[in-house]
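Residue numbers (the numbering used here): 138 to 287.
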(Lines of atoms letter the chains of each structure in order from A and count residues from 1; the text may use other names and numbers.)
(Lines give C-alpha, C1' and ligand atoms only; values in the text may rest on other atoms or scores of the structure.)
Protein backbone atom coordinates (compact mmCIF):
# COMPACT_ATOMS: atom_id res chain seq x y z
CA UNK A 1 0.00 0.00 0.00
CA UNK A 2 2.93 2.35 0.65
CA UNK A 3 4.06 1.80 -2.94
CA UNK A 4 0.62 2.78 -4.20
CA UNK A 5 0.40 5.77 -1.85
CA UNK A 6 3.68 7.05 -3.30
CA UNK A 7 1.93 7.58 -6.63
CA UNK A 8 4.83 6.29 -8.71
CA UNK A 9 3.86 2.73 -9.70
CA UNK A 10 2.73 2.76 -13.32
CA UNK A 11 2.83 -0.98 -13.95
CA UNK A 12 2.38 -4.23 -12.10
CA UNK A 13 5.97 -5.16 -12.94
CA UNK A 14 7.17 -1.97 -11.23
CA UNK A 15 5.21 -2.98 -8.14
CA UNK A 16 6.73 -6.49 -8.26
CA UNK A 17 10.24 -4.99 -8.51
CA UNK A 18 9.59 -2.57 -5.63
CA UNK A 19 8.25 -5.38 -3.43
CA UNK A 20 11.25 -7.56 -4.29
CA UNK A 21 13.57 -4.71 -3.24
CA UNK A 22 11.75 -4.73 0.09
CA UNK A 23 12.39 -8.47 0.44
CA UNK A 24 8.99 -9.78 -0.66
CA UNK A 25 8.90 -12.65 -3.15
CA UNK A 26 5.77 -12.02 -5.27
CA UNK A 27 4.54 -12.71 -8.76
CA UNK A 28 2.78 -10.42 -11.19
CA UNK A 29 -0.36 -12.56 -10.85
CA UNK A 30 -0.36 -12.05 -7.08
CA UNK A 31 0.09 -8.30 -7.50
CA UNK A 32 -2.74 -8.20 -10.04
CA UNK A 33 -5.08 -10.04 -7.67
CA UNK A 34 -4.06 -7.83 -4.74
CA UNK A 35 -4.61 -4.63 -6.77
CA UNK A 36 -8.09 -5.82 -7.66
CA UNK A 37 -8.90 -6.68 -4.02
CA UNK A 38 -7.65 -3.28 -2.86
CA UNK A 39 -9.76 -1.51 -5.48
CA UNK A 40 -6.67 0.08 -7.01
CA UNK A 41 -7.10 1.60 -10.41
CA UNK A 42 -4.96 3.43 -12.94
CA UNK A 43 -5.38 7.19 -12.93
CA UNK A 44 -3.56 10.12 -14.45
CA UNK A 45 -1.75 12.06 -11.73
CA UNK A 46 0.71 14.84 -12.51
CA UNK A 47 0.76 13.84 -16.16
CA UNK A 48 1.62 10.19 -15.49
CA UNK A 49 -0.68 7.16 -15.42
CA UNK A 50 -0.17 5.32 -12.12
CA UNK A 51 -1.94 2.84 -9.88
CA UNK A 52 -3.80 4.51 -7.01
CA UNK A 53 -5.95 3.41 -4.13
CA UNK A 54 -9.54 4.65 -4.09
CA UNK A 55 -8.91 7.14 -1.25
CA UNK A 56 -5.92 8.58 -3.13
CA UNK A 57 -7.92 9.40 -6.26
CA UNK A 58 -8.96 13.04 -6.36
CA UNK A 59 -12.71 13.47 -6.94
CA UNK A 60 -11.88 15.77 -9.82
CA UNK A 61 -9.94 13.05 -11.65
CA UNK A 62 -12.04 12.91 -14.67
CA UNK A 63 -13.43 11.31 -17.56
CA UNK A 64 -12.58 8.06 -19.08
CA UNK A 65 -10.53 6.38 -16.36
CA UNK A 66 -13.12 7.10 -13.66
CA UNK A 67 -15.97 5.91 -15.91
CA UNK A 68 -14.08 2.71 -16.73
CA UNK A 69 -13.42 2.10 -13.02
CA UNK A 70 -17.15 2.31 -12.29
CA UNK A 71 -17.99 0.12 -15.28
CA UNK A 72 -15.37 -2.45 -14.26
CA UNK A 73 -16.59 -2.54 -10.65
CA UNK A 74 -20.22 -2.91 -11.71
CA UNK A 75 -19.40 -5.60 -14.27
CA UNK A 76 -17.21 -7.56 -11.90
CA UNK A 77 -19.03 -7.28 -8.57
CA UNK A 78 -22.66 -6.19 -9.06
CA UNK A 79 -25.07 -9.11 -8.87
CA UNK A 80 -28.31 -7.13 -8.96
CA UNK A 81 -29.21 -3.50 -9.59
CA UNK A 82 -32.77 -2.39 -8.82
CA UNK A 83 -34.79 0.75 -8.18
CA UNK A 84 -36.68 1.37 -4.95
CA UNK A 85 -38.35 4.77 -5.25
CA UNK A 86 -35.61 7.37 -5.36
CA UNK A 87 -33.02 4.78 -4.26
CA UNK A 88 -30.93 2.43 -6.34
CA UNK A 89 -30.10 -0.81 -4.54
CA UNK A 90 -26.99 -2.61 -5.70
CA UNK A 91 -26.29 -6.13 -4.44
CA UNK A 92 -22.66 -7.21 -4.79
CA UNK A 93 -20.54 -10.22 -4.12
CA UNK A 94 -19.85 -10.47 -0.36
CA UNK A 95 -17.26 -7.98 0.84
CA UNK A 96 -17.31 -5.82 -2.30
CA UNK A 97 -20.01 -3.25 -1.60
CA UNK A 98 -17.64 -0.60 -0.25
CA UNK A 99 -15.34 -0.78 -3.29
CA UNK A 100 -18.28 -0.45 -5.69
CA UNK A 101 -19.77 2.38 -3.60
CA UNK A 102 -16.44 4.18 -3.69
CA UNK A 103 -16.34 3.84 -7.48
CA UNK A 104 -19.86 5.30 -7.60
CA UNK A 105 -18.78 8.20 -5.36
CA UNK A 106 -15.63 8.91 -7.40
CA UNK A 107 -17.61 8.92 -10.65
CA UNK A 108 -19.51 11.88 -9.15
CA UNK A 109 -22.67 11.44 -11.21
CA UNK A 110 -25.01 14.40 -10.89
CA UNK A 111 -27.87 11.97 -10.15
CA UNK A 112 -26.14 10.51 -7.07
CA UNK A 113 -26.76 12.34 -3.81
CA UNK A 114 -24.83 9.80 -1.73
CA UNK A 115 -24.14 6.14 -1.03
CA UNK A 116 -24.33 3.86 1.98
CA UNK A 117 -22.57 0.50 1.74
CA UNK A 118 -22.73 -2.59 3.87
CA UNK A 119 -20.95 -5.86 3.18
CA UNK A 120 -22.86 -6.81 0.04
CA UNK A 121 -25.52 -4.12 -0.43
CA UNK A 122 -25.34 -0.47 -1.47
CA UNK A 123 -28.09 2.11 -1.16
CA UNK A 124 -27.60 4.93 -3.65
CA UNK A 125 -29.71 8.00 -2.88
CA UNK A 126 -30.88 10.09 -5.82
CA UNK A 127 -32.95 13.25 -6.05
CA UNK A 128 -35.96 11.60 -7.68
CA UNK A 129 -37.38 8.31 -8.85
CA UNK A 130 -36.67 9.40 -12.44
CA UNK A 131 -32.98 9.84 -11.58
CA UNK A 132 -32.95 6.44 -9.92
CA UNK A 133 -34.56 4.83 -12.98
CA UNK A 134 -31.96 6.48 -15.24
CA UNK A 135 -29.07 5.22 -13.09
CA UNK A 136 -30.47 1.68 -13.08
CA UNK A 137 -30.75 1.74 -16.88
CA UNK A 138 -27.25 3.19 -17.31
CA UNK A 139 -25.60 0.80 -14.85
CA UNK A 140 -27.36 -2.27 -16.22
CA UNK A 141 -26.14 -1.30 -19.68
CA UNK A 142 -22.58 -0.89 -18.37
CA UNK A 143 -22.69 -4.24 -16.62
CA UNK A 144 -24.53 -6.03 -19.44
CA UNK A 145 -21.76 -8.57 -20.02
CA UNK A 146 -22.39 -10.09 -16.59
CA UNK A 147 -25.27 -11.83 -14.91
CA UNK A 148 -26.59 -8.58 -13.39
CA UNK A 149 -30.38 -8.58 -13.16
CA UNK A 150 -32.84 -5.79 -12.52
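Built from N, CA and C at the ideal position, the CB exists for glycine as well. Keep in mind that this is a model prediction, so the values were computed, not measured.
By the CB criterion at 9 Å, residue 241 and residue 207 fall inside the cutoff. Under the three-pair Cβ rule at 8 Å, the segment 249-257 counts as touching the segment 230-240.
Distances from the CA of residue 174 to each of 267, 138, 279, 266 were compared; the closest alpha carbon is that of 138.
Rounded to whole angstroms, the separation of the alpha carbons of residue 158 and residue 249 is 43 Å. Taking a C-beta distance under 9 Å as the contact criterion, residue 166 and residue 177 do not qualify as a contact pair. The C-beta of residue 237 has 16 or more other C-beta atoms within 10 Å across all chains shown, which makes the residue buried.
The beta carbons of residue 147 and residue 187 sit about 5 Å from each other, so the pair counts as a contact at 8 Å.
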